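So in our numbering, spot 369 of the sequence shown is number 422, and the numbers just go up one at a time.
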Amino acid sequence: MNFDKLKNVLDWIHTECVVPALDCMVYHDHKPIFRYMRGVRNLETGVPVDGNERYIAYSVTKVVTATAVLQLVEQGKLALTDEVSKYLPEFAKMKLSEDAFDAEAGERVMVGEAFGEAAEMGGVRYAQTPITVLHLLSMTSGLDYNNNTDAIRQSVAAGKTSTRDIVRAIAESTLAFEPGTRFLYGFSFDVLGAVVEVVSGMRFGDYVKKNILDPVGMKDTTFHLPTDGEGLSRMVHRYRRAGGGLEHQPLVNIYEFGPDCDSGGAGLISTTEDFARFHAALASGGVAATGARILTPESLALMAQNRLGGVGLSDFERERPGYGYGLGVRTHIDRERSGQKSPLGEFGWSGAGGAFSMIDVENRLSLTYFQQMQSWSMVIQNKMREALYESFKEELRK
């Protein structure tokens, strides 16, 4: 196997796209077959990356949360068709906006160009369709990503910052549309974290550690940013493009409302190697290199099944032609429209800080990429994916 093309793409990302630090790992059959990193943890100090860095994973957290939910489905403790109000009564009666739906607003949040929305939507009536677990997993609940609502601010100000407290505040939001009718990137996975807490009887972070992180061997993955000096020294600093250059960003996660809130949508802190182990477990039929099974092949098939159609699929394909959305992941549904070499059913997700995951169960292949630049681009992701399959094509023919 010759990974020169993938290495060249990563060099292009570092130099031409001006990404200060990046780290990429490829696994096949639980074996790491490629790793490449470039750059520095901090432009101000020039400390080079060495693979031991930790990143704010942001939305690649959602794949872990989807795994937790599907584990409970496998155990018969939860059903995709369950109404969320069965576990979280505050979602029984949801306000519905009469404003025109703005697909572009959700898209800006999805790609990391914006965090949340500036204002709440107007709403003077109530939704007729109950939100289900499936609506949350497929981002068709109608919940947006406004992290600055009056309810959330008041909850934080009152010191009510547990996962359940924040989700109660989210329940006061106004839905953008009737559940199940459109796609909107929002707080659905934070709500799922609270569902997991109620069903399992455990704090969400504890459930994830016991049932996913520890079995996979993800020793460097936690919820919440470190507070000690040594922990902070391992964190890659965050940047964004501004005024033709790079602007240093505070090391904060705005979806972390307090030490008691484990965000199922964007809360994990991790290393490239840790997440690569997780992605390799999914690519290997749900079995980790440790031998632990975290999902069945049937659950993986459910995860990778496109759940969007009609206008909802159009909403999603604005950013990703040829891809639909499954349970917490994009999923490849049309090679002609996507122009990609990966098989149909290849899936994964991205994070606002530039993280990218790609899981190919058919070939037991996965790619994990982290950087620390706010926002991401389909161009970068497509180039990495294309270069991977070019590098690997001879092996895949065997």
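Glycine included, every Cβ here is placed at the ideal spot set by N, Cα and C. Predicted, not measured: the structure shown is a model, and the values here were computed from it.
Look at D243 and I265 and say whether their C-beta atoms are less than 9 Å apart.
Here residue 243 refers to the residue found at position 190 of the sequence shown. Here residue 265 refers to the residue found at position 212 of the sequence shown. The answer is no: Cβ separation not under 9 Å.
What residue ranges within the region 227-303 form continuous beta strand (DSSP E) runs of no fewer than 3 residues, ordered along the chain?
At a cut-off of 3 residues, the continuous stretches assigned as beta strand (DSSP E) that sit fully inside the region 227-303 are 291-295, 298-302.
Between the C-alpha atoms of D64 and A110, what's the straight-line distance to the nearest angstrom?
Start at 1 with the first residue of the sequence shown, and residue 64 comes out as number 11. Start at 1 with the first residue of the sequence shown, and residue 110 comes out as number 57. So the alpha carbons of these two residues sit roughly 22 Å apart.
I307 and P279 - do their beta-carbons sit closer together than 9 Å?
As a working note, residue 279 is residue 226 in the sequence shown. As a working note, residue 307 is residue 254 in the sequence shown. No, the Cβ-Cβ distance between P279 and I307 is not below 9 Å.
Go through its chain and collect everything with a Cβ distance to H83's Cβ below 7 Å, but skip five positions before and after it.
Stepping through the sequence shown from its first residue, residue 83 is reached at position 30. Around H83: A333, S337, A342.
Q207 - DSSP class collapsed to helix/strand/coil:
As a first step, residue 207 is located in the sequence shown; it is residue number 154 there, counting from the start. Assignment of Q207 by DSSP, reduced to helix, strand and coil, places it in the helix class.
For the region 291-367, which segments carrying the alpha helix (DSSP H) assignment without a break, of at least 4 residues, lie completely within its bounds, in sequence order?
Correct list: 325-336, 350-356.
Comparing C-alpha positions only, which one of R388, M147, V93 sits nearest to T453?
The chain is shown only over 54 to 451; residue 453 falls outside these bounds and no answer can be derived.
If you draw a straight line from the C-alpha of M411 to the C-alpha of A405, how long is it?
In the sequence shown, the residue the question calls residue 411 occupies position 358. In the sequence shown, the residue the question calls residue 405 occupies position 352. Their Cα atoms are separated by approximately 16 Å.
Within its chain, find whatever has a CB closer than 6 Å to the CB of A345; leave out the 5 residues flanking it on each side and keep chain order.
Reading the sequence shown from its first residue, position 292 is the one you call residue 345. If you ignore the 5 residues before and after A345, its C-beta comes within less than 6 Å of the C-beta of P268, all in its own chain and listed in chain order.
Round the Cβ separation of H290 and Q425 to the nearest angstrom and send it over; I've been treating them as touching at under 8 Å.
For the purposes of this step, residue 290 is identified with residue 237 of the sequence shown, where counting begins at 1. For the purposes of this step, residue 425 is identified with residue 372 of the sequence shown, where counting begins at 1. Yes, they are in contact, since the Cβ atoms of H290 and Q425 sit about 6 Å apart, within 8 Å.
From the DSSP output, in three-state form, read off P101 for me.
Within the sequence shown, numbered from 1, the residue matching residue 101 stands at position 48. DSSP places P101 in strand when its eight states are reduced to three.
Buried or exposed: Q128, going by 16 or more other Cβ atoms within 10 Å of its Cβ?
Numbered from 1 along the sequence shown, position 75 holds the residue referred to as residue 128. It is exposed - the Cβ of Q128 has fewer than 16 other Cβ atoms within 10 Å.
Cβ separation of L125 and V249, assumed to be a contact under 8 Å, to the nearest whole Å
For this step, residue 125 is matched to residue 72 along the sequence shown. For this step, residue 249 is matched to residue 196 along the sequence shown. Sure, about 7 Å apart at Cβ, within 8 Å.
Taking the continuous alpha helix (DSSP H) assigned at R390, which residues delimit it?
Position 337 of the sequence shown, counted from the first residue, corresponds to residue 390. Its alpha helix (DSSP H) spans residues 388-391.
Cutoff 6 Å; reference G99; Cβ partners in own chain excluding five residues on either side
Counting from 1 along the sequence shown, the entry for residue 99 is found at position 46. V93, listed in sequence order.
Output the boundary residues of the alpha helix (DSSP H) element that contains R91.
Looking up residue 91 in the sequence shown gives position 38. Looking at the DSSP string, R91 is not in any alpha helix (DSSP H); the run it does join, the beta strand (DSSP E), is 84-95.
Smallest Cα separation from P101: which of E326, M288, P350?
Your numbering for residue 101 matches position 48 in the sequence shown. Closest option to P101, Cα to Cα, is M288.
To the nearest angstrom, report how far apart V71 and M90 are at their CA atoms.
Residue mapping note: residue 71 aligns to position 18 of the sequence shown, counting from 1. Residue mapping note: residue 90 aligns to position 37 of the sequence shown, counting from 1. Cα-Cα distance, rounded: 14 Å.
Do you know offhand how far L460's Cα is from R388's?
Given that the chain is displayed from residue 54 to residue 451, the structure contains no residue 460 and the question cannot be resolved.
Endpoints, the beta strand (DSSP E) within which K148 is located:
The count along the sequence shown starts at 1 and reaches residue 148 at position 95. K148 -> beta strand (DSSP E) spans 148-150.
Along the chain, where does the alpha helix (DSSP H) that runs through A222 open and close?
As a first step, residue 222 is located in the sequence shown; it is residue number 169 there, counting from the start. 216-223 is the extent of the alpha helix (DSSP H) around A222.
Can you tell me whether Q427 is helix, strand or coil according to DSSP?
The residue labelled residue 427 in the question sits at position 374 within the sequence shown. Coil.
Tell me, please, whether the region 313-321 touches the region 230-246 by the rule of three or more beta-carbon pairs shorter than 8 Å.
yes
Per DSSP, which one or two residues make a beta bridge with A383?
Residue 383 sits at position 330 when you count from the first residue of the sequence shown. Strictly speaking, residue 383 in this sequence is Arg, with Ala absent from that position. Partner residues in the beta bridge of R383, as assigned by DSSP, are Y378, G401.
Touch check for the region 103-118 and the region 392-408: three-plus C-beta pairs under 8 Å?
yes
Rounded to whole angstroms, what's the CA-CA distance from L149 to G233? Just pull it up for me.
Locating residue 149 in the sequence shown gives position 96, where the first residue counts as 1. Locating residue 233 in the sequence shown gives position 180, where the first residue counts as 1. Spanning the two alpha carbons is a distance of roughly 13 Å.
In whole angstroms, give me the CA-to-CA distance for N359 and Y179.
Locating residue 359 in the sequence shown gives position 306, where the first residue counts as 1. Locating residue 179 in the sequence shown gives position 126, where the first residue counts as 1. Roughly 28 Å separates the two Cα atoms.
Between P142 and T134, what straight-line distance do the alpha-carbon atoms span, to the nearest angstrom?
What you label residue 142 is simply residue 89 of the sequence shown in a count that begins at 1. What you label residue 134 is simply residue 81 of the sequence shown in a count that begins at 1. One C-alpha to the other measures close to 16 Å.
Just verifying my parser: in three-state terms, what is the DSSP assignment at I452?
This structure does not reach residue 452, given that the chain is present from 54 up to 451, and the question cannot be answered.
Taking only three categories from DSSP, how would you classify Y140?
On the sequence shown, position 87 is the one that residue 140 refers to. Of the three classes helix, strand and coil, the one that applies to Y140 here is coil, per DSSP.
Within 10 Å of its beta-carbon, does P350 have 16 or more other beta-carbons around it, so buried, or fewer, so exposed?
Within the sequence shown, residue 350 is the residue found at index 297, counting from 1. So P350 ends up on the exposed side.
If we call anything under 9 Å between Cβ atoms a contact, is D315 one with T274?
The sequence position of residue 315 within the sequence shown is 262, counting from 1. The sequence position of residue 274 within the sequence shown is 221, counting from 1. Not in contact: D315 and T274 (Cβ atoms no closer than 9 Å).
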